[in-house]
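Engineer: Sending over a structure as C-alpha cells; questions will come in a sec.
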Amino acid sequence: MEVDLAIAWLRAAADSVAASAGELTRLDAAIGDGDHGVNMNRGFTAVIAALDAGTFDSVGDVFVKAGTTLISKVGGASGPLYGSAFRALGKALPAGPSVTVPELAAGLRAGLDAVRKLGGAEPGDATLVDAYQPAVDAFKGDDLAAAAEEAARAAEEGARATAGLRARKGRASYLGERSVGHQDPGATSTALIFRALTAITAK
Amino acid sequence: MEVDLAIAWLRAAADSVAASAGELTRLDAAIGDGDHGVNMNRGFTAVIAALDAGTFDSVGDVFVKAGTTLISKVGGASGPLYGSAFRALGKALPAGPSVTVPELAAGLRAGLDAVRKLGGAEPGDATLVDAYQPAVDAFKGDDLAAAAEEAARAAEEGARATAGLRARKGRASYLGERSVGHQDPGATSTALIFRALTAITAK
Amino acid sequence: MLIPRAPSPDWEEPAVKKFINDPADVVAEALAGLAAAHPELRVDAAEQYIARADAPRSGKVALVSGGGSGHEPLHGGFVGPGMLDAACPGEIFTSPVPDQILAATKAVDGGAGVVHIVKNYTGDVMNFQLAAEMAADENVAVETVLVDDDVAVEDSTWTAGRRGTGATLLVEKIAGARAEEGGKLAEVAAIGREVNTNSASFAYALTAVTTPAAGRPGFDLPDDEIEAGVGIHGEPGRRREKLRPANDLVAAALDAILEAKPLTASDEVIVLVNGLGGTPLIELYLVYGTLAKLLEARGITIARRLVGNYVTSLDMAGLSITLTKATDEFLRLWDAPVSTPGLRWGA
Amino acid sequence: MLIPRAPSPDWEEPAVKKFINDPADVVAEALAGLAAAHPELRVDAAEQYIARADAPRSGKVALVSGGGSGHEPLHGGFVGPGMLDAACPGEIFTSPVPDQILAATKAVDGGAGVVHIVKNYTGDVMNFQLAAEMAADENVAVETVLVDDDVAVEDSTWTAGRRGTGATLLVEKIAGARAEEGGKLAEVAAIGREVNTNSASFAYALTAVTTPAAGRPGFDLPDDEIEAGVGIHGEPGRRREKLRPANDLVAAALDAILEAKPLTASDEVIVLVNGLGGTPLIELYLVYGTLAKLLEARGITIARRLVGNYVTSLDMAGLSITLTKATDEFLRLWDAPVSTPGLRWGA
Ligand SMILES: Nc1ncnc2c1ncn2[C@@H]1O[C@H](COP(=O)(O)OP(=O)(O)O)[C@@H](O)[C@H]1O
Ligand SMILES: Nc1ncnc2c1ncn2[C@@H]1O[C@H](COP(=O)(O)OP(=O)(O)O)[C@@H](O)[C@H]1O
Ligand SMILES: [Mg+2]
Ligand SMILES: [Mg+2]
Ligand SMILES: [Mg+2]
Ligand SMILES: [Mg+2]
C-alpha cells in the first residue's frame, strides 16, 4: 500500500460514512443516543480536510494524521476509539512511502489492540470490536485486494451478528436484554470502513 | 317560578354542563385556551354544593347564591360574567318564595345588562351575549314552559350563529379573521343553561 | 345539534401524559409542593395564595399579582424580597377568583396600599377589578397596573387589546424594587406602568400546549408549521407560517416589536429571551446571540438581559422576545437585589 | 444488506422543528449567544470552552467539567465563583474532545491543580482520560471525579456502569465551594467523590428526546407508556411501563433509590427534583410535594432542596429525582455563595 492508496482508502471511507450517516444515526438512536452517523461524518470530513492540507511521505503518517484528527474532532466513544486505532496503525507501520500487505495486517492488529486497551471491550460485547476483530483475523496473505475483500466480508458478518448479542459496553449496555435484536452502530461503521478498502483495491 | 324550581333549573344546568364539559373545552381549545368546560363544570358543581348546604326562602336568594358561588369558584372570563348575571338576576327579583314569569323575564334582562356592563361586549362580538340577548328577547308571556322553550331556541340559534362572526371580545378576538368558522364556547354554554330550563318546565 | 362534532372522534378520552394525579388537583398539589420546597414563602392553601413569609411589611407598598397557573415560575416563583409580596395562582390558564385576590391583598397590605399587577386578559382584568372593588370596600387602597406588551395582537377596539406576556417579569422586578426602597403607592404603580409602556413582546410556538384537563395539544400544528404571535395560554397566534431558520424568525420578531414600539440608535434596552416551557436553553441562547447581533447592527445597546424559562406556557415549545426601552431608573431598579425562587441576585 | 432497513421509510428527511439554523452549527451559535449574554464569563470560541472571566485564580484548585451539549444549564451554566472554573461543551450528546478539555484545563489552572468532574459515560471517560494524560505531559496535576449516581443502571461488569446524572450538580456545587474556600487538590477531589458516593438518582421519561441532528424523537413511546430509568441522552430506560399517577411513580423511584443506597430514619438529605427539559415546573413542584411526604413518613429529613430544570435532556418530558445523604460539611458547602448563570445564591 502506497501513500496515495492510503489516502484513497480514507477518502472512500469518508464517502461511505457520509452516505450512510443517517442510517448509522438511526441504529444509534435505537440503542444509544442517535449521534453515531453525525459523529463519524464530522470526523471523516475533518480527516479529509487534514489530509488535503498536508503532504505525506510515509503511509504511517497518513494514518497517524487521520487518528489524531478523529481524536480531536469526534468526541463521544467513537472518537477516541477510532482515533486510537488509526494512530496505532500508523505508528506500527514502518516509515516510508509504501508498506507490504503483511505489514498492513500487523498494523491493523495494533489498531485493534489499542481499541481493546482503551475501551476494554471483549469480543461478544456488541461493539465495534465484533467487526474489527474478525476483519483483522481475515486480513491475510500478500494480495491486498483479496485480503481486503475477506476482511470486509468478515467485518460485515461480525456487524450483523451483533444484533444477536447483548451489549456489555458503551451506551447500549444500559439496555441489558433490550439491546438484543439491534445491530451495533460502531460495528456497522467499522464494516463500512473495511468495505471502502475493497472499492479501491478490487481489480 | 318557585324556590324548588329555581334549584331544579340550576341542577339541570349543572348536569348539562357536566355532560358537555368535554365539548365546551374542545370549542374553547380551537379559539381560546381550552378550559371553558372545566371552568363551567367546576363552577356549577360548586353551585350545587352551595345550594345543598343552604335553605332558601326566596327565589332571588337562590340565584344570588349561585352567582356569588360562580364568582368565587370559576375565575377566567366566564366566572365573573356568569356570576354577575346570576347575582343581578337574583337581586332584580322581588323577595319571596315565588316569582312570576314577567318578573323572571325582567330579572334575566338585568342579568344580561350586568354581563354587558362588566364585559363590554356588543351583540355580534361572538360572545355569550349572542346567545343570552336573543334568549332574553324571546323569553316572553306568562307561560314559563313556553317562554323557556322560545328562549332556549333563540339561545341555540344565537350560539350557532357565532360561528359566522369575527370575535371582538375575549381570547378569541386575538385570532381576528381566523375566529370565523368557530362557534363561541360561552354562547354555547349559555344555550345549554337555557335549554336546561325547558327540561324541567316542559309538560 | 347545538354542539358541532369534534373533528377527532376520540376527543373524550385522552391519556394525560403528565406527572400528575387527578387533573383537578394539579394546582393544589403543586402549591403544597411549593410550600414544602420554600420555607421562605408562606402558602395559604385554603385561600390559595403565596406570600412572603415576612408579609405584611409595615409601611411598604405591597405588590400582588396572579393569573392562571401554568406559567411558572410566573407569578409564584417571583414572590420574595425585591419583587412580589403575594401571588394568586388560578386554575391552569384560568385567572384567579376575586376572593383569592382579596385575601392575598389584605394579607400583605402593610398600610401603604397594594399594587395589583394584572396581565391584560378579559378574565384577569374582571377578576382583579372585582377584587379591587371589594378591597376598596374594606379600605385597602389598590392601584392596578395593566400589562399589555404582546404586539402580536392588534391594539384596537376590535380585540380585547394586547395581551400581557414577558414584560410582566420586568414590571414585577422593577416595580418590586421601587416598593422595596420605599416608593409610595402612586410611584410604584407609575413606574410599573412606565415599564409596560416601554415594553414590547413577540412569541412563536413550535408546538401547541397540552393542559392537564384537555390531555392533548390545544391545536394541531403540522410538522413544518409554526404559530407566529402565539399567546401564553395556547391561544393560536397571529398567523400560521412555514418553519424557518432561527435567524429569520428572530429578525421577523424584532421587526414586529420595533414597528409597534420604535427604538432609535443609542437607545438602551433590557432584553428578555424567554422560553415557553418546552424549548431547550441551548436554543434560547442561540436566539439571544442572533438578537444581540441584530440589535448591535441597529446601534441599540443591550444594557441588561435575561435568557431562560420565566413566563411559560406549560410544555409548549416556543419562545418570546421582549424588549424594554431602558431608563437609568429602570436599570438601577433592575440591578437592585431580588431574592425569589425564580429570580435571584445581589442577595 | 449490511444496514437493516429503517422501520420508518421517511427517516432521512425530518423537519427539524427547533429554533436553529444549520443543525451542525447549534453548539457554536449557542456558545456565541452565551458569550453575549454573560460578560462575566469568558468564552473561547476556537477552543470551545467557557471559563470564569477571572480565571486562572492563582493558588485556587480549578474545577473543569464538560460533556455533550443538550443538558443545559449543565455544565456551562454552572461556571462562576463557587462552582466550576470552566466547562467544555461537546456536540449535542457527544462528549467533548481531549484538545478542548486540555485547553480549558490549562486556561484555568492556577498552579494548584485541576479537578475533572466526569459523568460516567464511555465517551466522556475516554476523552477526559486522554486529556488528563496530555495535561500530565504538560505538568498540570489533574484529579478525576467520576459521577455515577443513576441507579437505574445495574452497576456490574456487564454494563458500562452507572451513568452520571443529577448528582453532577451537587458534586460541582459542593466541590466548587470547597475549592473556593482554599481546599487542596486532593481535598476537593475527595469531597466530590464523597458527594457522588452518597448520591442516587432515578429518572422517568414521558417522551423521547429530539436532537437537532436526528430531527425526530429517538424512540417511539406510545401515548400511555413511559420509560422508567431513562438516561439523559435519550437512551431508552430500564423498562417500559404503563403511565401511572405521579404519586405511584415517585414512590417507585424512591424505592429504587433507597434499594441502591439505603437511608435510615434521622438521616438528612439534599433533594434535587430535576426536570429533563420538557416538563413544566408545576409538575416538578407537585412531584416534590409527594416526595417530601414520602420522606417524612420514613423519618428522613430534607435539609436542602432544589426544584427545577438543571440537568436536562433537550426537550425531553421527564424528570429525575436525586437524593444525597448529607453531612454537615456538605450542608455548609451547599450554603456557600455561588454565582453562576444557572445557580446563584448568597452572592
Ligand atoms: N468500550 C467500548 N469499546 C469498543 N467500542 C465501543 C465501546 N463503547 C462504545 N463503543 C462503540 O461506539 C459506538 C457508539 O459510538 P458513538 O455513538 O459515536 O458514541 P457515543 O456512544 O458516545 O454516543 C458503539 O456502537 C460501539 O460500537
Ligand atoms: N368581554 C366579554 N363579554 C362577554 N362574554 C365574554 C367576554 N369575554 C369572554 N366572554 C365569554 O367567555 C367565554 C370564555 O370563557 P372561559 O373559557 O371560561 O374563560 P377564559 O377565556 O378566561 O379562559 C367566551 O367563549 C365568551 O363567550
Ligand atoms: Mg452515540
Ligand atoms: Mg377559556
Ligand atoms: Mg382560561
Ligand atoms: Mg453520543
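If you read the protein sequences in the order shown, they are chains R, B, L and H. The working numbering puts the first residue of the first sequence at 109, with every later residue one more than the last. The working numbering puts the first residue of the second sequence at 109, with every later residue one more than the last. The working numbering puts the first residue of the third sequence at 34, with every later residue one more than the last. The working numbering puts the first residue of the fourth sequence at 34, with every later residue one more than the last. Positions of the beta carbon are idealized from the N, C-alpha and C atoms, including for glycine.
(1) Kindly provide the chain-ordered list of residues whose Cβ lies closer than 5 Å to any non-hydrogen atom of ligand 6.
(2) Starting from H:Asn-160, trace the alpha helix (DSSP H) both ways and give me its first and last residue.
(3) Can you confirm whether L:Tyr-154, when its beta carbon is compared against all beta carbons of chain B, has any partner nearer than 8 Å?
(4) Quick check: is any heavy atom of ligand 1 less than 7 Å from the C-beta of H:Ala-246?
(5) Taking only beta-carbon positions, decide if H:Ser-102 is within less than 8 Å of chain L.
(6) Would you mind telling me which residues of chain L sit closer than 7 Å to B:Lys-199, beta carbon to beta carbon, in chain order?
(7) Can you tell me which of R:Asp-141, R:Pro-202, R:His-144, R:Ile-179 puts its alpha carbon nearest to the alpha carbon of R:Val-111?
(8) Assign L:Asn-172 to buried or exposed, taking buried as 16 or more other Cβ atoms, counted over all protein chains shown, within 10 Å of its Cβ.
(9) Around the C-beta of R:Thr-208, are 16 or more other C-beta atoms found within 10 angstroms, so that it is buried, or is it exposed?
(10) Would you say R:Arg-279 touches ligand 3, meaning its beta carbon is less than 7 Å from a heavy atom?
(11) To the nearest angstrom, report how far apart L:Ile-335 and L:Ile-303 are at their CA atoms.
(12) Shortest alpha-carbon distance to H:Gly-101 belongs to which of H:Val-141, H:Ser-128, H:Arg-226?
(13) Secondary structure at L:Glu-73, three-state DSSP: helix, strand or coil?
(14) By how many angstroms is the C-alpha of H:Thr-312 removed from the C-alpha of L:Gly-144?
(15) Starting from R:Thr-176 and walking both ways along the beta strand (DSSP E), at which residues does that stretch end?
(16) Kindly indicate which three-state DSSP category H:Ile-265 falls into: helix, strand or coil?
(17) Using the Cβ count rule (16 or more neighbours within 10 Å means buried), how would you classify L:Pro-278?
(18) Give the residues of chain L in contact with H:Ala-69, contact being defined as C-beta atoms less than 7 Å apart.
(19) Step through the CB atoms of chain L and report whether any lies within less than 8 Å of the CB of B:Asp-123.
(20) What residue from L:Ile-36, L:Ser-299, L:Thr-243 has the CA that sits closest to L:Leu-309's CA?
(21) Report buried or exposed for L:Lys-275, applying the criterion of at least 16 other Cβ atoms within 10 angstroms of its Cβ.
(22) May I have the straight-line CA-CA distance separating L:Ile-83 from L:Cys-121, to the nearest angstrom?
(23) I think H:Gly-103 touches H:Asp-183, with their Cβ atoms under 8 Å apart; what is that distance to the nearest whole Å?
(24) Got a sec: is the Cβ-Cβ distance from L:Glu-105 to anything in chain H below 8 Å?
(25) What three-state label does DSSP hand B:Ala-185 in the structure shown?
(26) For H:Asp-368, which three-state DSSP category applies?
(27) Are three or more beta carbon pairs between the stretch 199-213 of chain L and the stretch 244-259 of chain L nearer than 8 Å?
(28) Can you give me the C-alpha to C-alpha distance between L:Phe-111 and L:Ala-169, rounded to a whole angstrom?
(29) Using DSSP bridges, identify the partner residues of L:Phe-235.
(30) Could you pull the start and end residues of the alpha helix (DSSP H) that L:Ile-290 belongs to?
(31) R:Val-170 and R:Ala-255 look like a contact to me (Cβ under 8 Å); what is the Cβ gap, rounded to whole Å?
(32) Is H:Asp-361 a contact residue of ligand 7, with contact defined as CB to any heavy atom under 7 Å?
(33) Examine chain H for any beta-carbon lying closer than 8 Å to the beta-carbon of L:Trp-191, and answer yes or no.
(34) Determine the contact status of L:Arg-226 and H:Trp-378, defining contact as a CB-CB distance below 8 Å.
(35) Since B:Val-288 is in the alpha helix (DSSP H), which residue starts that stretch and which ends it?
(36) Please determine if the stretch 209-219 of chain H and the stretch 356-373 of chain H are in contact, where contact requires at least 3 C-beta pairs separated by less than 8 Å.
Structural biologist: Concretely, from the data shown:
(1) R:Asp-141, R:Asp-143, R:Gly-184, H:Phe-126, H:Thr-127
(2) 155-170
(3) yes
(4) H:Ala-246: no, Cβ never under 7 Å from ligand 1.
(5) yes
(6) Within chain L, no residue comes near B:Lys-199; the closest Cβ sits about 15 Å away, beyond 7 Å.
(7) R:Pro-202
(8) L:Asn-172 should be labelled exposed.
(9) So R:Thr-208 ends up on the exposed side.
(10) yes
(11) 6 Å
(12) H:Ser-128
(13) coil
(14) If you take the alpha carbons of L:Gly-144 and H:Thr-312, they lie about 40 Å apart.
(15) Element bounds for R:Thr-176: not the beta strand (DSSP E) but the alpha helix (DSSP H), 167-181.
(16) coil
(17) That one is exposed.
(18) Tyr-321, Gly-322, Ala-325
(19) Taking a beta-carbon distance threshold of 8 Å, B:Asp-123 does not count as an interface residue toward chain L.
(20) L:Thr-243
(21) Of the other Cβ atoms in all chains shown, fewer than 16 fall within 10 Å of the Cβ of L:Lys-275; this residue is therefore exposed.
(22) 7 Å
(23) Incorrect: roughly 17 Å between the Cβ atoms, too far for contact.
(24) yes
(25) coil
(26) Three-state DSSP puts H:Asp-368 in a helix.
(27) no
(28) Rounded to whole angstroms, L:Phe-111 to L:Ala-169 spans 25 Å at the Cα level.
(29) L:Ile-354
(30) 279-293
(31) The beta carbons of R:Val-170 and R:Ala-255 sit about 18 Å from each other, so the pair does not count as a contact at 8 Å.
(32) Ligand 7 is absent from the structure shown, which contains only ligand 1, ligand 2, ligand 3, ligand 4, ligand 5 and ligand 6.
(33) no
(34) In this structure, L:Arg-226 keeps its C-beta atom at 8 Å or more from the C-beta atom of H:Trp-378.
(35) B:Val-288 -> no alpha helix (DSSP H), and no H or E assigned at all.
(36) yes
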